[in-house]
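A.B. asks:
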Amino acid sequence: MQITTDKATIERVLDRGMLDTVLPSRDFLISELSSGRRLRIYIGFDPTGTALHLGHAQNLMFLEDLRKLGHEVIILFGDFTARIGDPDKSSARQQLTKEQVLEYASGWVNQVRPLLNFDDTENPPVIQYNSEWLEKLSFADVIQLASHFTVQQMIERDMFQKRIQSGAPVYVHEFMYPLMQGYDSVAMDVDIELCATDQLFNALAGRTLQKKINNKEKHVIALRLVSNPVTGELMSKSRGSGVLLDLSANDMYGALMAQPDEMTEIFFTSCTRMPLDQKETIMDMGPRDAKMFIAKEIVGIFHGKENAEHAEQSFIETFRKGGVPDEMPEIKIDAKKTLGEILVEQKHIPSKSEWKRLIDGGAVSIHDGEKISDASFVPTESCVIKIGKRMFIKILG
RNA sequence: GCCGUGGUGGCGGAGUGGUCAAUCGCAUCUGACUGUAAAUCAGACGUCUUCGGGCUACGCAGGUUCAAAUCCUGCCCACGGCACCA
55 MQITTDKATI ERVLDRGMLD TVLPSRDFLI SELSSGRRLR IYIGFDPTGT
105 ALHLGHAQNL MFLEDLRKLG HEVIILFGDF TARIGDPDKS SARQQLTKEQ
155 VLEYASGWVN QVRPLLNFDD TENPPVIQYN SEWLEKLSFA DVIQLASHFT
205 VQQMIERDMF QKRIQSGAPV YVHEFMYPLM QGYDSVAMDV DIELCATDQL
255 FNALAGRTLQ KKINNKEKHV IALRLVSNPV TGELMSKSRG SGVLLDLSAN
305 DMYGALMAQP DEMTEIFFTS CTRMPLDQKE TIMDMGPRDA KMFIAKEIVG
355 IFHGKENAEH AEQSFIETFR KGGVPDEMPE IKIDAKKTLG EILVEQKHIP
405 SKSEWKRLID GGAVSIHDGE KISDASFVPT ESCVIKIGKR MFIKILG
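Residue numbering for the first sequence follows my numbering, beginning at 55 and increasing consecutively.
(1) Does the distance from the CB of residue 348 to the CB of residue 372 come in under 8 Å?
(2) Count the C-beta pairs between the segment 204-216 and the segment 236-245 that are closer than 8 Å, then say yes if the count reaches three, no if not.
(3) Given residue 71, which residues of its chain have a CB within under 7 Å of its CB, disregarding the five upstream and five downstream residues?
(4) If you draw a straight line from the alpha carbon of residue 402 to that of residue 438, how long is it in whole angstroms?
(5) Kindly list the residues whose CB is nearer than 6 Å to the CB of residue 418, restricted to its own chain and excluding five residues on each side of it in sequence; keep chain order.
(6) Going by DSSP in three states, residue 75 sits in which element: helix, strand or coil?
(7) Does the beta-carbon of residue 358 have 16 or more other beta-carbons within 10 angstroms, so that it is buried, or is it exposed?
(8) Pick from 406, 422, 392 and 410: whose alpha carbon is nearest that of residue 431?
(9) Out of 365, 389, 98 and 79, which one is the CA nearest neighbour of residue 181?
(10) Whole angstroms is fine: what's the gap from residue 386's alpha carbon to residue 168's?
(11) State yes or no: is the C-beta of residue 106 within less than 8 Å of the C-beta of residue 254?
(12) Going by DSSP, what residues sit across from residue 384 in a beta bridge?
(13) Counting beta carbon pairs with one atom in the segment 246-262 and one in the segment 225-235, are three or more of them shorter than 8 Å?
(14) Looking at the secondary structure, which residues open and close the alpha helix (DSSP H) in which residue 158 lies?
(15) Compare the Cα-Cα distances from residue 178 to each of 307, 396 and 125 and report the closest residue.
(16) Am I right that residue 130 and residue 184 are in contact with their C-beta atoms under 8 Å? What's the rounded C-beta distance?
(17) What is the DSSP secondary structure of residue 327, counted as helix, strand or coil?
(18) For residue 174, tell me which candidate among 127, 410 and 78 has the shortest Cα-Cα distance.
(19) Residue 260 by DSSP, collapsed to three states: which one?
(20) Output yes or no for whether 8 Å exceeds the beta carbon distance between residue 449 and residue 382.
(21) Considering only their Cβ atoms, is the gap separating residue 363 from residue 345 smaller than 8 Å?
(22) Take the Cβ of residue 82 as the centre, count every other Cβ of all protein chains shown within 10 Å, and call the residue buried at 16 or more, exposed below.
(23) Looking at the unbroken beta strand (DSSP E) that takes in residue 89, where does it start and where does it end?
(24) Kindly indicate the opening and closing residues of the beta strand (DSSP E) around residue 419.
(25) Please state whether the Cβ-Cβ distance between residue 86 and residue 245 is less than 8 Å.
(26) How many angstroms separate the CA atom of residue 201 from the CA atom of residue 176?
(27) Is it buried or exposed for residue 134, if we count other Cβ within 10 angstroms and need 16 for buried?
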């Protein structure tokens, strides 16, 4: 595998617009990347939920860029660290079971796949799990690791300061988290850690340890978090504002379109690899069309061009023209049961009360037909039922 | 070990005997407006219902009362502070 030493190419990768911080320095990093030496670069994710989102995708795409330069890249799933939980701003995170974490991780592997070229036989990306080494550490090892840091260094961390000031608890095990993540760097003996800015503290712990234990300089590349430039809001699953990577083509397209307009440009930069000089042309298409363009582009990365095209057509058909999507859940007519009962049974609606609320709110209608205002409505012939803005159910007679 | 505070709906957080299925904020859902946007406005937001009302819920278990999230007893859990530290 040829290592790219051309500085202009390297700078093009670094300067796409996601970079936030480089430690110890950008110049040093460039000189390392262009030295012709094959570097080992890693990024870590803790599988704490079912799906990655577009913010993670940004980081992985950046990692792929570095891989294409010829360097060895590792995607580390923190199956061990996920169980302890990275300290949160306000509280200690809940600890997960091993089974739970492994289940999440297996899903994440699939979501990562489209973003890097795993078919590259010369320089394929590598996936690792940190339980492999963290599980083996003895108490003595841990104490040895801990001796490299002071309590002052730990509580200096912003989130701990805030908690201490507000009288909220800071648990001892939370200090272990940076140690663990730091030890990952040592165990894999990496040259560079790629992360988002929220991971800087942990990444720096790895820098410290790598220097003290392996006597090696570890570079940290921190990418900015994908956030709304107007409100500053992060993509977040809990607020339902994220675009999750396990969505179907149609849903992902829809989720992208539902993002505020001001996100379009950021998505262009962070989550596509279209040349930067096309940005202006695309943004000039107008807010809606630019967003559609980007949405199709991103869906294409995960589901292929053809499916992306499909998703766009389906979107236009369904939402702009008021049609119905080409695929939807189907249910069979049962003369003994009301529509509401069937939908609750099949988990399309959580409860009968909810069904009644939807009816009262005027959310349920027969496609191309009138609203259903009777909660005990029993379908008698094949039709399509629309519930809310985007739930369509095909009724089969 | 001692002292103190507190455990309420997805979250934050009111409520301190009745009008409490529980103020309010966030999140969510629906409607209007639209570009499935966003912003805004309106409504909903335990569950079952023959739409009268049931039932289950304010850490757990008992009790007092016509009536308890609210009072009493016991228990469990959490946090803060103090003390102890060969």
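The beta-carbon is built from N, C-alpha and C at its ideal position, and this holds for glycine as well.
C.D. replies: Reading it off the structure:
(1) Working through the first sequence from its first residue, we reach residue 348 at position 294. Working through the first sequence from its first residue, we reach residue 372 at position 318. Cβ atoms of residue 348 and residue 372: not closer than 8 Å.
(2) no
(3) Taking the first residue of the first sequence as position 1, residue 71 is located at position 17. Excluding positions up to five away in sequence, the list reads 323.
(4) Here the question's residue 402 lines up with position 348 in the first sequence. Here the question's residue 438 lines up with position 384 in the first sequence. Computed Cα separation, rounded: 14 Å.
(5) The count along the first sequence starts at 1 and reaches residue 418 at position 364. Cβ within range, chain order: 412, 426 and 441.
(6) To locate residue 75, count along the first sequence from 1; it is residue 21. Strand, per DSSP.
(7) For the purposes of this step, residue 358 is taken as the residue at position 304 of the first sequence. Its Cβ having fewer than 16 others within 10 Å, residue 358 is exposed.
(8) Position 377 of the first sequence, counted from the start, is the residue given in the question as residue 431. Closest option to residue 431, Cα to Cα, is 392.
(9) Translated into the one-based positions of the first sequence, residue 181 becomes position 127. It is 98.
(10) As a position in the first sequence, residue 386 is number 332, starting the count at 1. As a position in the first sequence, residue 168 is number 114, starting the count at 1. Cα to Cα, the separation comes out at about 37 Å.
(11) In the first sequence, the residue the question calls residue 106 occupies position 52. In the first sequence, the residue the question calls residue 254 occupies position 200. Against a cut-off of 8 Å, the Cβ pair of residue 254 and residue 106 comes out as no contact.
(12) Walking along the first sequence from the start, residue 384 turns up at place 330. Looking at the DSSP assignment, residue 384 forms a beta bridge with 448.
(13) yes
(14) In the first sequence, counting from the first residue as 1, residue 158 sits at position 104. Counting along the chain, the alpha helix (DSSP H) containing residue 158 begins and ends at 152-166.
(15) Locating residue 178 in the first sequence gives position 124, where the first residue counts as 1. When only C-alpha atoms are compared, the closest one is 125.
(16) Within the first sequence, residue 130 is the residue found at index 76, counting from 1. Within the first sequence, residue 184 is the residue found at index 130, counting from 1. Residue 130 to residue 184, Cβ: 6 Å. Contact.
(17) Position 273 of the first sequence, counted from the first residue, corresponds to residue 327. Three-state DSSP puts residue 327 in coil, outside helix and strand.
(18) On the first sequence, position 120 is the one that residue 174 refers to. The residue with the shortest Cα to Cα distance from residue 174 is 127.
(19) Start at 1 with the first residue of the first sequence, and residue 260 comes out as number 206. Three-state result, residue 260: helix.
(20) Taking the first residue of the first sequence as 1, we reach residue 449 at position 395. Taking the first residue of the first sequence as 1, we reach residue 382 at position 328. Result no, Cβ atoms of residue 449 and residue 382 do not sit closer than 8 Å.
(21) Stepping through the first sequence from its first residue, residue 345 is reached at position 291. Stepping through the first sequence from its first residue, residue 363 is reached at position 309. Not a contact, by the Cβ cut-off of 8 Å.
(22) For the purposes of this step, residue 82 is identified with residue 28 of the first sequence, where counting begins at 1. Label assigned to residue 82: exposed.
(23) Position 35 of the first sequence holds residue 89. Run containing residue 89: none; DSSP gives neither H nor E here.
(24) To locate residue 419, count along the first sequence from 1; it is residue 365. Counting along the chain, the beta strand (DSSP E) containing residue 419 begins and ends at 418-420.
(25) Reading the first sequence from its first residue, position 32 is the one you call residue 86. Reading the first sequence from its first residue, position 191 is the one you call residue 245. The answer is yes: Cβ separation under 8 Å.
(26) Locating residue 201 in the first sequence gives position 147, counting from the first residue. Locating residue 176 in the first sequence gives position 122, counting from the first residue. Answer to the nearest angstrom: the Cα atoms are 40 Å apart.
(27) As a working mapping, residue 134 is identified with position 80 in the first sequence. With 16 or more Cβ atoms within 10 Å of its Cβ, residue 134 is classed as buried.
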